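Peer 1:
In my numbering, the protein residues as written are 54 to 223.
(1) What are the boundary residues of the alpha helix (DSSP H) that includes residue 101?
(2) Pick out whichever of 206, 187 and 104 has its Cα sitting closest to the Cα of residue 144.
(3) If you check the beta carbons only, do residue 141 and residue 99 fall under 9 angstroms apart?
(4) Hey, how far is the Cα of residue 208 from the Cα of residue 202?
(5) Could I get the ranges of all uninterrupted alpha helix (DSSP H) runs contained in the stretch 118 to 147, with 4 residues as the minimum, in chain order?
(6) In three-state DSSP terms, what is residue 183?
(7) Assuming residue 129 contacts residue 146 under a Cβ cut-off of 8 angstroms, what Cβ separation, rounded to an integer in Å, is found between them?
(8) What span of residues does the alpha helix (DSSP H) with residue 207 cover, start to end?
(9) Using 8 angstroms for Cβ pairs, my map puts residue 115 next to residue 139. What's the rounded Cβ distance?
(10) Look at the alpha carbon of residue 194 and the alpha carbon of residue 125, and state the distance between them as a whole number of angstroms.
(11) When the Cα atoms are used, what is the spatial distance from residue 189 to residue 205?
(12) With a 10 Å radius around its C-beta and 16 neighbouring C-beta atoms as the bar for buried, classify residue 111 as buried or exposed.
(13) Hey, residue 152 and residue 97 are a contact pair by Cβ (cut 8 angstroms); roughly how many whole angstroms apart?
(14) Indicate the three-state DSSP secondary structure (helix, strand or coil) for residue 191 in the structure shown.
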């Protein structure tokens with residue numbers, strides 16, 4: 054199949070599939086407007102307090118609101134302060150503000166795990182490696198050595214290990 058991917062023909066009155074006309078003839082813009090944004094609205098539709106039609110009306114009012122405002126918001130958190138009269142916009146700004154945080158924390162944890170695994174992969178088993186990764190990722194939790202020794206001594210292992218005298222009173 055040597056066919057090129059092209060923008061499908063668009064008629065003036067179409068009711069069974071997307072019909073948004075892109076500003077240019079760029080293929081990626083066409084699919085972004087007609088499919089990606091449609092799918093995204095379908096995913097977040099349940100989170101919105103009102104319907105998609107109400108959101109369209111709010112978006113028009115929101116654009117007009119910012120055209121009349123001399124100072125512009127620099128971030129979604131600044132725009133959130135002005136969204137009290139726009140419940141759907143307020144919900145979308147909340148989602149937008151949280152998306153950055155959730156992806157950044159996942160990226161940090163993956164990079165930490167990558168650093169740990171490359172250094173220690175050849176010298177230890179998977180269970181110990183996962184335990185060390187959890188300690189590294191949750192370093193803000195205070196761990197007491199005495200509690201670790203209690204868990205370790207109560208564990209039913211093949212070897213009989215007793216805590217050393219110096220750690221008994223921790």
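Cβ atoms here follow ideal geometry from the backbone N, Cα and C, with glycine treated the same way. On a predicted model such as this, the values are computed, not experimentally measured, just so you know.
Peer 2: Let me spell this out:
(1) That residue, residue 101, is in no alpha helix (DSSP H); it is neither H nor E in DSSP.
(2) Distance from the Cα of residue 144 is smallest, within the candidate group 206, 187 and 104, for 104.
(3) Between residue 141 and residue 99, the C-beta gap is not smaller than 9 angstroms, which leaves the two residues out of contact.
(4) So the alpha carbons of these two residues sit roughly 10 angstroms apart.
(5) The stretch 118 to 147 contains these whole alpha helix (DSSP H) runs: 129 to 133.
(6) Helix.
(7) Right, the Cβ-Cβ distance comes to about 5 angstroms (below 8 angstroms), so this counts as a contact.
(8) 198 to 207 is the extent of the alpha helix (DSSP H) around residue 207.
(9) In this structure residue 115 touches residue 139 by the C-beta definition: roughly 6 angstroms separates them, less than 8 angstroms.
(10) Residue 194 and residue 125: Cα-Cα distance of roughly 41 angstroms.
(11) About 20 angstroms.
(12) By the 10 Å Cβ count, residue 111 comes out buried.
(13) That pair is no contact at about 11 angstroms.
(14) In the structure shown, residue 191 sits in coil (DSSP, three-state: anything other than H, G, I, E or B).
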